[in-house]
Each structure stands twice: as structure tokens, then as C-alpha cells.
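Contents: one structure, followed by commentary.
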Amino acid sequence: METDKLMRIYQLLYDRYGPQKWWPADGRFEVIIGAILTQNTNWKNVEKAILNLKQANAMTPTSLHIMEPECLAQLIRPAGYYNIKAQRLKNFLNFLFTEYDGEVDRLETIPTDQLRNQLLAIKGIGAETADSILLYAYNREVFVVDTYTCRIFFRHLLIEPEGGYEQVRYFFESSLPDDSDLFNEYHALLVQAGKEYCKPKAKCNGCPLEKLPHEIDPLAY
DNA sequence: GACCAGGCACATC
DNA sequence: GATGTGCATGGT
Numbered sequence: 091m092e093t094d095k096l097m098r099i100y101q102l103l104y105d106r107y108g109p110q111k112w113w114p115a116d117g118r119f120e121v122i123i124g125a126i127l128t129q130n131t132n133w134k135n136v137e138k139a140i141l142n143l144k145q146a147n148a149m150t151p152t153s154l155h156i157m158e159p160e161c162l163a164q165l166i167r168p169a170g171y172y173n174i175k176a177q178r179l180k181n182f183l184n185f186l187f188t189e190y191d192g193e194v195d196r197l198e199t200i201p202t203d204q205l206r207n208q209l210l211a212i213k214g215i216g217a218e219t220a221d222s223i224l225l226y227a228y229n230r231e232v233f234v235v236d237t238y239t240c241r242i243f244f245r246h247l248l249i250e251p252e253g254g255y256e257q258v259r260y261f262f263e264s265s266l267p268d269d270s271d272l273f274n275e276y277h278a279l280l281v282q283a284g285k286e287y288c289k290p291k292a293k294c295n296g297c298p299l300e301k302l303p304h305e306i307d308p309l310a311y
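If you count by this note's numbering, then the first sequence holds residues 91 to 311, one letter each, in order.
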């Protein structure tokens, strides 16, 4: 049904930007940490926080698990919301050590739906963060919906503004081939296009999708 | 100085 | 169920 349209959009984005090779991280654990740190935050700031953790030899489950929350908060300070994010990281690590002995690889064998529910039960991990972890750390066939995804697709009249997260996710997952590599690139390309052309209060001249049907008033979303 | 960033939980109506 | 608010640094 919507498959052709979605693949055409994918192709337009891919032609413009090429492969994005996400997630920009060194290993599974770092993907998870980055997914929490990047909540409502510029990735450049997250990189500074991750560098701090690495320089403190703290980018391991054990060292983060035993670290004082105040110390962790100071290390991740550049990523913003550092107190709340330190707690969120701790919540994940408590889960990891309680349920899986602190081994991220042991999540590999858990069925996707079950793992998703376990992640969502952790305070501080919402739908987008859980799905980022599932797709980018565990290669599961889960489409990550974020602000840019909604904004771009709403402006191009492809989704309803009142469609919630799960509706939009279903729209992509049911229309696209069940391919985690495709989901991976697609989301990354939408973020790239969004950063450049789909700001909240700006028109998007030059956007790779500008020839598609388009909502005229960019302030609408 | 204003605006924005790869959200989420919680309060209140 | 919808809507509003706090959380915070750093780049443009």
C-alpha cells in the first residue's frame, strides 16, 4: 500500500546523503548509554559526555554500576539533564545486573517483544530509547520514531498529527520490508534530513523531499 | 539573547 | 485521555 511511497522517500534521502552507518558508537553497551544520553539533546553534547566516561575508564557496565551517582552526573554533565540522566543510567544498570548479571550480550537471546517490554519497564527508558536500543544495539526489526520522523512526515502530509508513537511505528513497520538494515538507514537518514531542513520554525527550502506534497505552514508542527 | 537538540516522567485538570 | 512542566548543557 504505502510501500512504494516510503521506498521512494528512502531513495531520495539515500541519494542525497548516502549510507549513514549508524549507530555512531563503539559496541553495544556504548549504544545503550548513548541512547539514554541523547534524549532531547544534541549528539555533539553526548559525544563530550561519552568521552568523559571513557577518559575516566568508566565505559563499562561494572564501573558505571558501582560509581556514585553524583560522580556519574558530573561526568555526563555536557549532555544536559545530567542529574536525571545519571539516575536513568543507574536504572538501566540495576536492571542489567539484577536480570542479566551485567552482561549486555545476554539480552541477545530474548525475543524482541519481551525485551522491548523489559526496557520500557525501566524508569527513564521510553518508546524511542527502547526502540533505538533494540534496532541499533541488537539489530531487531523495530522502526525508531523520533521528533524528526514525525515532523517530516507530518509536513509532507503522510501522517496525521494526532497519530501517537505506536501508530507511526506501525505505519513504517507494516509498510516496509521487515529488514533491520533498512530500518537502521532510514531512521538515520531522516535524522540527517531533519537536522538540516526540518527545524520547528523554519521553512525547508532545498530539502531532499521538497517536491513531495507539502504542508505550507512549517509552524504547524 | 532566542532558539534548538536523535525524550521522559509526573502533576493536574 | 489530553495538556503542561521540569530537567540543563552547548552550538548557532
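Using N, Cα and C, we set each Cβ at its ideal position, and we do this for glycine too.
Predicted model, so just to flag it, every value in this text is computed and none were measured.
In the pairwise beta carbon analysis, the stretch 251 to 260 is classified as not touching the stretch 292 to 307: fewer than three pairs are separated by under 8 Å. Around the CB of ASP94, fewer than 16 other CB atoms lie within 10 Å, so the residue is classed as exposed. In this structure the stretch 125 to 134 does not touch the stretch 189 to 201; the number of beta carbon pairs closer than 8 Å is below three. Rounded to whole angstroms, the separation of the alpha carbons of PHE262 and SER270 is 12 Å. The three-state reading of DSSP puts TRP133 in helix, counting H, G and I together. Within the stretch 122 to 205, the complete alpha helix (DSSP H) runs of at least 4 residues fall at 133 to 145, 151 to 156, 159 to 165, 172 to 190. ALA292: not part of any alpha helix (DSSP H); DSSP gives it neither H nor E. Only residues of its own chain outside the window of five on either side were considered, and among them ASP221, LEU225, ARG259, PHE262, GLU263, LEU266, PHE273, TYR276, HIS277 have a CB closer than 8 Å to the CB of PHE233, listed in chain order. Distance from the CA atom of GLN257 to the CA atom of LYS285, rounded to whole angstroms, is 23 Å.
By a beta-carbon distance limit of 8 Å, ALA169 does not contact ALA211. Their separation comes to about 23 Å.
Ranked by Cα distance from PRO159, the options TYR172, LEU280, TYR228, TYR104 are led by TYR172. Here ASP268 carries a coil assignment [DSSP, helix/strand/coil]. Using a Cβ distance threshold of 8 Å, ALA163 and ALA148 do not count as a contacting pair. Short of 8 Å from the beta carbon of ILE242, and not among the five residues preceding or following it, lie these beta carbons of its own chain, in chain order: LEU280, ALA283, GLY284, CYS288, LEU299.
For ASN229, same chain residues with a beta-carbon under 7 Å away, outside a window of 5 residues either side, are SER270 in chain order. In this structure, DSSP gives GLU263 a helical state, which the three-state scheme calls helix.
Here LYS213 carries a coil assignment [DSSP, helix/strand/coil]. When the five nearest sequence neighbours on each side are left out, the beta carbons in the same chain lying within less than 7 Å of the beta carbon of ILE99 are those of LEU299, in order along the chain. The criterion of a C-beta distance shorter than 8 Å is satisfied by LEU165 and ASN142.
Distance from the CA of TYR107 to the CA of GLU120, rounded to the nearest whole angstrom, comes to 25 Å. In this structure, the CA atom of PRO114 is about 22 Å from the CA atom of LYS180.
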